[in-house]
Amino acid sequence: MVSNRPKATWIFDCCTWMIKSRQKLGKYQIEKKLGEGGFAGVYRALDTIEGVRVALKIPYSQSLSSDTLEECLKEVRMMASLDHPHILSLKNAEFIEGHFVLAFPLAEQTLGDRITKRMSMAQGISYTEQMLEAVSYAHQRRIIHCDLKPENMVLFANGDLRLTDFGIAKIAMRTLRASGSGTVGYIAPEQAMGRPSFRSDVFSLGLVLYRVFSGKLPEWPFAWPPPNYRALCDRVSPEFVEMLRRSLQMEPQRRYRNATQMLSAFRRLKARAILNNEATANAGKKKKTGRDWRTLRYQQFLRNYGKVIDVNGSCKKCKGPVAESMIACPWCSSDRQMHVRETRFPQVCPRCEGGMKLDWSFCPWCEGPEFELGSTRSFTDKRYTTSCDNEECGGRLMPFMRFCPWCDTRVQRTWNLTGSKDKCRSCGWGVSREFWSCCPWCATDI
């Protein structure tokens, strides 16, 4: 609960007391100091009523000025409303003898403590998923953490990771900026300039994960590859490395939009990250390479969707399978305004090099003027699935056409990807989040 507070003036007159071992605050018996930061001290204490040990976070008096007290109470109420298995729950919050006391379940150690010792790949992957799930939950509720770091991720005996310091972190960071103290650490560059966003949390997550799997924390100016890059590549798959590289882009717009999108990307590669490590550890088997994993992934995609989207080429950059109808590579997001690959049609558009039938007057893949017909005949094609929405036309259309090849009307319908229920949030066309990171129809991240 959050109790009603006494008058603020009384609070700050009394907050100069020092917290000492064996001191009693209400029902809590202080046992030892666990740590301290720029905003608060953390103590192990015994709840003498419930008979359990808890962690008490007690902000310093200088951190809770009269200007920040009301905001702090608002943030604590927000923190108390978070209900997720990987977010540390707030047991109690109240003013005791002039101290603002926050009580939490007592963990065994922090992730910061844990990463100083050897960690199995499976354990690291488990921690990765848990922290991404926690931050994703917060981002879906429009909450930015602002202080993601291993010390704010606590571990329990059953292998559970829980994220701490929601809400309070924002006040703490404002206090640090005002005092001119603090280090860059796990903070995104734009956040250090006072412009935090969901993408700032993504950057911090990338730094945490890079340190977990490589043993080194990247530092300013965050040039790629960072220190211990080879150690990272020896432990995880190329897809996992690419996920980290994208999360650590200096330009926020080039990162994952939020932790939810990053979590989706992680879940697509989770099994491969573990298998890649197991293959490396097995001396009796040939070590898998990045190309092996990409090839297997592409082959599985082609089995599922190759005929559906009429794949007839590969991306120049990543070699992933693509189709003439795509304006962006769904694997690496590179631009595809020009197809420059073989086509199954008898002629190509001189603008985009997409294939065309001889009886089409317009290119269905790009916008432009009418072409001279290559034939006066009309040709049937089993790839036609629907008709133009223009009542005066009614010409037949193939999946993922952007324009009617008969009248040049822009196609208004949203095309589905047969076999997938996923939709692009931007254009509404069908996508496969299982395989793709970018919508090939509108070039936005998925």
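Take the sequence shown: its letter number 205 is residue 204 in numbering that gives the first Met the number 0, and every next letter is one higher. Note that beta-carbon positions come from the ideal geometry of N, C-alpha and C, so glycine has one too.
task: Please confirm whether TYR383 and LEU396 have their CB atoms less than 8 Å apart.
output: yes
- prompt: With 16 as the cutoff for other CB atoms within 10 Å, does SER213 come out buried or exposed?
  reply: buried
DSSP bridge partner residues for ALA386 (one or two, in chain order): Note that residue 386 corresponds to Ser in the displayed sequence, not to Ala. According to DSSP, which records beta bridges pairwise, SER386 is partnered with ARG395.
- prompt: For LEU33, which of THR294, LEU45, LEU55 has the nearest alpha-carbon?
  reply: LEU55
field: Cβ neighbour criterion (16 or more within 10 Å) applied to GLY179
entry: Only weak support exists for where GLY179 lies, its pLDDT of 36 falling under 50; the value from the coordinates is given anyway. Per the 10 Å Cβ criterion, exposed.
task: Pick helix, strand or coil for CYS441, following the three-state DSSP scheme.
output: coil
- request: Determine the direct distance from the alpha carbon of ASP159 to that of LYS6, and round the result to whole angstroms.
  value: Note that LYS6 has pLDDT 38, beneath the 50 cutoff, so the model's placement of it is unreliable and no number is given.
field: Cβ-based burial, ARG343 [other Cβ within 10 Å; buried from 16]
entry: exposed
Assumed close pair THR443, PHE265 - CB separation to whole angstroms, cut-off 8 Å: The pair is not a contact, with the Cβ atoms about 19 Å apart (cut-off 8 Å).
query: By Cβ distance, which residues of its chain are closer than 6 Å to TYR136, with the 5 residues on each side in sequence left out?
result: HIS83
query: Beta carbon of LEU208, beta carbon of LEU243: below 8 Å?
result: yes
message: Taking 8 Å as the cut-off, does the region 149–164 touch the region 107–120 (at least 3 CB pairs, one atom from each stretch)?
response: yes
- prompt: If we call anything under 8 Å between Cβ atoms a contact, is CYS387 one with TRP364?
  reply: no
message: Less than 8 Å between C-beta atoms, sequence neighbours within five positions excluded: which residues of the same chain meet that for ASN91?
response: MET0, VAL100, LEU101, ALA102
task: Could you check which residue in THR375, GLN139, THR109 has the C-alpha nearest to that of ARG256?
output: GLN139
- prompt: What does VAL41 pair with, by DSSP beta-bridge criteria?
  reply: GLY34, LYS56
query: Alpha carbon to alpha carbon, how far is ARG52 from MET77?
result: 24 Å
- prompt: With burial defined as no fewer than 16 other Cβ atoms inside 10 Å of the residue's Cβ, what is the status of ALA121: buried or exposed?
  reply: exposed
query: Where does LEU131 fall in DSSP's three states?
result: helix
- prompt: Does the beta-carbon of GLU391 have 16 or more other beta-carbons within 10 angstroms, so that it is buried, or is it exposed?
  reply: exposed
field: Nearest to THR375 (by Cα), restricted to the options LYS356, LEU162, VAL307
entry: LYS356
- request: Return the first residue and the last residue of the alpha helix (DSSP H) that ALA102 is part of.
  value: Careful: ALA102 lies outside any alpha helix (DSSP H), inside the beta strand (DSSP E) at 98–104.
field: Local Cβ density within 10 Å of LEU154, reported as buried at 16 or more and exposed below that
entry: buried
Sequence-distant residues of its chain with Cβ nearer than 6 Å to THR182 (five each side left out): Annotation note: pLDDT 42 at THR182 (below 50); position unreliable, coordinate value reported separately. Excluding positions up to five away in sequence, the list is empty.
- prompt: In chain order, what residues of the same chain lie with their CB nearer than 6 Å to the CB of PRO329, ignoring the 5 residues before and after it?
  reply: TRP435, CYS437, PRO439
- request: In the DSSP assignment, find the unbroken alpha helix (DSSP H) run with LEU243 in it and report its ends.
  value: 237–246
task: Kindly indicate which three-state DSSP category LEU160 falls into: helix, strand or coil?
output: strand
message: What does the alpha-carbon distance come out to for the pair LEU110 and GLN129?
response: 12 Å
field: Simplified DSSP state of ARG271, which is helix, strand or coil
entry: helix
task: Pick out whichever of GLU241, VAL75, PRO368 has its Cα sitting closest to the Cα of CYS317.
output: GLU241
- request: Compare the Cα-Cα distances from GLU323 to each of GLU352, ARG229, CYS331, LEU301 and report the closest residue.
  value: GLU352
task: Report yes if the C-beta distance between VAL201 and ARG161 is below 8 Å; otherwise report no.
output: no
query: Can you tell me whether GLU132 is buried or exposed, with buried defined as 16 or more other CB within 10 angstroms of its CB?
result: buried
task: Just mark GLY429 as buried or exposed, buried being the case when its beta carbon has 16 or more other beta carbons within 10 Å.
output: buried
message: Quick check on DSSP: helix, strand or coil for ASP46?
response: strand
- prompt: Are the beta-carbon atoms belonging to VAL134 and LEU204 less than 8 Å from one another?
  reply: yes
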